[in-house]
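In the numbering used here, the protein residues as written are 1 to 315.
Structure record follows, encoded as structure tokens.
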Amino acid sequence: MRHLIDPLDFTLEETYKLMDLADRIHDDPAAYQDVATRKRLASLFYEPSTRTRLSFEAAMMNLGGQVIGFPDGGVSSASKGETVADTIRIVSSYADIAAMRHPKEGAPLRASRYSRIPVINAGDGGHSHPTQTLLDMMTIRRRKGTLDGLTIGFCGDLKFGRTVHSLIKSLARCDNMKFVLISPEELRVPDYIISEVLEPRHIPYVETRSLEGALPDLDILYMTRVQRERFFNEEDYVRLKNSYVLNADKLALAPPDMAVLHPLPRVNEITLDVDDDPRAAYFEQATNGVYMRMALIMTLLGLKDPKTGEVAFPC
Ligand code: NCD
Numbered sequence: 001m002r003h004l005i006d007p008l009d010f011t012l013e014e015t016y017k018l019m020d021l022a023d024r025i026h027d028d029p030a031a032y033q034d035v036a037t038r039k040r041l042a043s044l045f046y047e048p049s050t051r052t053r054l055s056f057e058a059a060m061m062n063l064g065g066q067v068i069g070f071p072d073g074g075v076s077s078a079s080k081g082e083t084v085a086d087t088i089r090i091v092s093s094y095a096d097i098a099a100m101r102h103p104k105e106g107a108p109l110r111a112s113r114y115s116r117i118p119v120i121n122a123g124d125g126g127h128s129h130p131t132q133t134l135l136d137m138m139t140i141r142r143r144k145g146t147l148d149g150l151t152i153g154f155c156g157d158l159k160f161g162r163t164v165h166s167l168i169k170s171l172a173r174c175d176n177m178k179f180v181l182i183s184p185e186e187l188r189v190p191d192y193i194i195s196e197v198l199e200p201r202h203i204p205y206v207e208t209r210s211l212e213g214a215l216p217d218l219d220i221l222y223m224t225r226v227q228r229e230r231f232f233n234e235e236d237y238v239r240l241k242n243s244y245v246l247n248a249d250k251l252a253l254a255p256p257d258m259a260v261l262h263p264l265p266r267v268n269e270i271t272l273d274v275d276d277d278p279r280a281a282y283f284e285q286a287t288n289g290v291y292m293r294m295a296l297i298m299t300l301l302g303l304k305d306p307k308t309g310e311v312a313f314p315c
């Protein structure tokens with residue numbers, strides 16, 4: 001049995017196999033509607049979520065499976081002091097697979113150590129968000145046709161943005177990548193991303209404050225929201241929240257085939273006049289999330305792809 005806690009829990013080869021499966025589901029979802037009949041997902045969300053929770057639940061239902069869970073730790077026994085270790089021991093008797101989002105970094109990892117069913121990290125504090133990474137990579141590959149040789153700009157809150165940390169870690173394994181890290185000084189990527197991920201692999205990167213300066217050279221622009229809930233004081237948030245706003249005028253500086261991604265929710269980092277630009281990929285990214293989570297659930301449960309008669313890879 002395997003869990004998905006960190007984006008590196010799957011090799012790059014396995015990640016490609018998941019993307020291939022998600023692409024096949026994308027092209028013919030009806031062929032997968034009975035794959036997980038009578039299987040059950042536990043959706044354990046201790047922190048707010050719209051896309052991640054609903055797309056996990058939709059993914060399980062699209063596969064013919066069932067869903068139980070809670071959308072808020074306050075309505076679970078966590079509010080009475082139950083630990084995630086005890087919760088997952090119990091949930092292991094009620095479901096076949098669990099997706100857990102938690103404000104505490106490391107909570108899904110801890111749960112996985114006590115679990116008898118596969119645990120998927122659906123976001124832990126400011127740390128990781130591996131399933132977002134899978135759907136981000138799927139979207140980039142569908143847009144650009146490849147995951148090699150790309151220049152990817154990350155813009156906004158690179159300090160607290162867990163989607164950024166996970167995506168850089170995973171993409172750092174692809175060939176000939178370049179990263180442009182666009183943020184205010186206070187919201188730079190954590191040092192470990194530079195010293196443990198980029199530098200050991202000699203991956204070229206620049207840190208800059210200028211979105212306008214970076215735009216002309218990018219294949220992908222990954223915008224992010226300033227993560228208000230992870231700030232220690234509101235004043236800093238208010239000062240930094242509007243550091244970057246992508247609008248149609250700024251987008252005019254970008255290559256015509258660049259793609260704009262955003263894990264969403266957006267607050268005001270992308271104005272509405274960007275939504276109709278063909279480079280806007282953020283809504284398609286959220287749609288891809290359902291197909292990718294279907295692929296992930298199938299694979300962790302060892303369910304065969306009806307199209308190939310095989311599992312994507314053994315778990
Ligand atoms: C992200 C998250 O929760 O980390 N949202 C998501 O899952 N799509 C990004 C965010 O909240 O800013």
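Glycine is no exception: its CB is placed at the ideal position from the N, C-alpha and C atoms.
Inset, instruction - Mind the definition here: the region 149-165 touches the region 123-135 only if three or more C-beta pairs lie below 8 angstroms; say whether that holds. - result: Output reads yes: the region 123-135 touches the region 149-165.
Inset, instruction - Determine, using beta carbons only, whether L135 and R293 come nearer to each other than 9 angstroms. - result: Residue 135 sits at position 135 when you count from the first residue of the sequence shown. Residue 293 sits at position 293 when you count from the first residue of the sequence shown. For L135 and R293, yes; Cβs fall inside 9 angstroms.
Legend entry - Where G106 sits in the DSSP three-state scheme: For the purposes of this step, residue 106 is identified with residue 106 of the sequence shown, where counting begins at 1. DSSP, reduced to helix, strand and coil, places G106 outside both helices and strands of the structure shown, so it counts as coil.
Inset, instruction - Return yes when the Cβ of F45 is within less than 9 angstroms of the Cβ of G64, no when it is not. - result: As a first step, residue 64 is located in the sequence shown; it is residue number 64 there, counting from the start. As a first step, residue 45 is located in the sequence shown; it is residue number 45 there, counting from the start. Cβ atoms of G64 and F45: not closer than 9 angstroms.
Legend entry - Residues that DSSP places opposite F45 in a beta bridge: For the purposes of this step, residue 45 is taken as residue 45 along the sequence shown, with counting starting at 1. Answer is R101.
Legend entry - Sequence-distant residues of its chain with Cβ nearer than 6 angstroms to L296 (five each side left out): Numbered from its first residue, the sequence shown carries residue 296 at position 296. Same-chain partners within the cutoff: there are none.
Legend entry - Closer than 8 angstroms: S49 CB and nearest the ligand NCD heavy atom: For the purposes of this step, residue 49 is taken as the residue at position 49 of the sequence shown. For S49, the distance from the CB to the nearest heavy atom of the ligand NCD is below 8 angstroms.
Legend entry - Beta-carbon contacts of D157 that lie in its chain and below 6 angstroms, excluding the five residues immediately before and after: For this step, residue 157 is matched to residue 157 along the sequence shown. The answer, listed in chain order, is L187, T224, V226, Q227.
Legend entry - Closer than 8 angstroms: Q227 CB and nearest the ligand NCD heavy atom: On the sequence shown, residue 227 is found 227 positions in, with the first residue counted as 1. Yes - the ligand NCD has a heavy atom lying nearer than 8 angstroms to the Cβ of Q227.
Inset, instruction - May I ask whether a heavy atom of the ligand NCD can be found less than 8 angstroms away from the beta carbon of G161? - result: Against the sequence shown, residue 161 aligns to sequence position 161. Yes, the ligand NCD has a heavy atom inside 8 angstroms of this Cβ.
Legend entry - Bridge partner(s) assigned by DSSP for R40: Locating residue 40 in the sequence shown gives position 40, counting from the first residue. Listed as beta-bridge partners of R40 by DSSP are Q66.
Legend entry - For A36, the nearest candidate out of L4, E13, V67 (CA to CA): Position 36 of the sequence shown holds residue 36. A check of alpha carbon separations from A36 across L4, E13, V67 identifies V67 as the nearest.
Legend entry - Any non-hydrogen atom of the ligand NCD within 8 angstroms of G106 CB: As a working note, residue 106 is residue 106 in the sequence shown. Outside the cutoff, so no.
Legend entry - Same chain only: Cβ atoms within 6 angstroms of F313, ignoring 5 sequence neighbours per side: Looking up residue 313 in the sequence shown gives position 313. Excluding sequence positions up to five before and after F313, its CB lies within less than 6 angstroms of the CB of E14, K17, all in the same chain and listed in chain order.
Inset, instruction - Answer with buried or exposed for L272, where buried requires no fewer than 16 other C-beta atoms within 10 angstroms of its C-beta. - result: Here residue 272 refers to the residue found at position 272 when the sequence shown is read from its first residue. When all chains shown are included, L272 counts as exposed.
Inset, instruction - May I ask you to report which of helix, strand or coil DSSP gives L181? - result: Position 181 of the sequence shown, counting from 1, holds the residue named residue 181. Of the three classes helix, strand and coil, the one that applies to L181 here is strand, per DSSP.
Inset, instruction - For A280, I'd like the list of residues in its chain whose CB is within less than 6 angstroms of its CB, leaving aside the five on either flank, ordered along the chain. - result: Counted from its first residue, the sequence shown places residue 280 at position 280. Contacts found: V260, V274.
Inset, instruction - Using 8 angstroms as the cut-off, classify the Cβ of L240 as near or not near the heavy atoms of the ligand NCD, replying yes or no. - result: As a working mapping, residue 240 is identified with position 240 in the sequence shown. No, the ligand NCD has no heavy atom inside 8 angstroms of this Cβ.
Legend entry - beta-carbon H26 near the ligand NCD non-hydrogen atom, thresh 8 angstroms: Taking the sequence shown and counting its residues from 1, the one referred to as residue 26 is at position 26. Checking every heavy atom of the ligand NCD against the Cβ of H26, none is found closer than 8 angstroms.
Inset, instruction - Under 6 angstroms Cβ to Cβ from L318, same chain only, skipping five residues before and after it: list those, please. - result: Here the chain comprises residues numbered 1 to 315, so residue 318 is not present and cannot be evaluated.
Legend entry - Whole-angstrom distance between N242 and C315, CA atom to CA atom: Indexing the sequence shown from 1 puts residue 315 at position 315. Indexing the sequence shown from 1 puts residue 242 at position 242. The alpha-carbon of C315 is positioned some 43 angstroms away from that of N242.
Legend entry - Nonlocal neighbours in the same chain, by C-beta distance under 6 angstroms from G318, ignoring five residues either side: In the structure displayed, the chain extends from 1 to 315; residue 318 sits before or after that span and is not available.
Inset, instruction - Name the one or two DSSP bridge partners that N121 has. - result: If you number the sequence shown from 1, residue 121 lands on position 121. In the DSSP output, where bridge partners are listed per residue, N121 has M100.
Legend entry - Opposing strand residues paired with L246 [DSSP bridges]: Indexing the sequence shown from 1 puts residue 246 at position 246. Among the bridge pairs identified by DSSP, L246 is matched with I270.
Legend entry - Residue from I97, E47, R53 with nearest C-alpha to A78: Your numbering for residue 78 matches position 78 in the sequence shown. Cα-wise, what sits closest to A78 is E47.
Inset, instruction - Report yes if the C-beta of L8 is less than 8 angstroms from at least one heavy atom of the ligand NCD; otherwise report no. - result: Start at 1 with the first residue of the sequence shown, and residue 8 comes out as number 8. For L8, the shortest separation between its Cβ and any heavy atom of the ligand NCD does not lie below 8 angstroms.
Legend entry - Spatial neighbours of F283 in its chain, beta-carbon cut-off 7 angstroms, leaving aside the 5 residues before and after: Numbered from its first residue, the sequence shown carries residue 283 at position 283. Cβ within range, chain order: n/a, list empty.
Legend entry - Beta-carbon gap between I88 and M1 smaller than 9 angstroms: Against the sequence shown, residue 88 aligns to sequence position 88. Against the sequence shown, residue 1 aligns to sequence position 1. Not a contact, by the Cβ cut-off of 9 angstroms.
Inset, instruction - Grab the span of the beta strand (DSSP E) containing E207 for me, first residue to last. - result: For this step, residue 207 is matched to residue 207 along the sequence shown. Start and end: 205-208.
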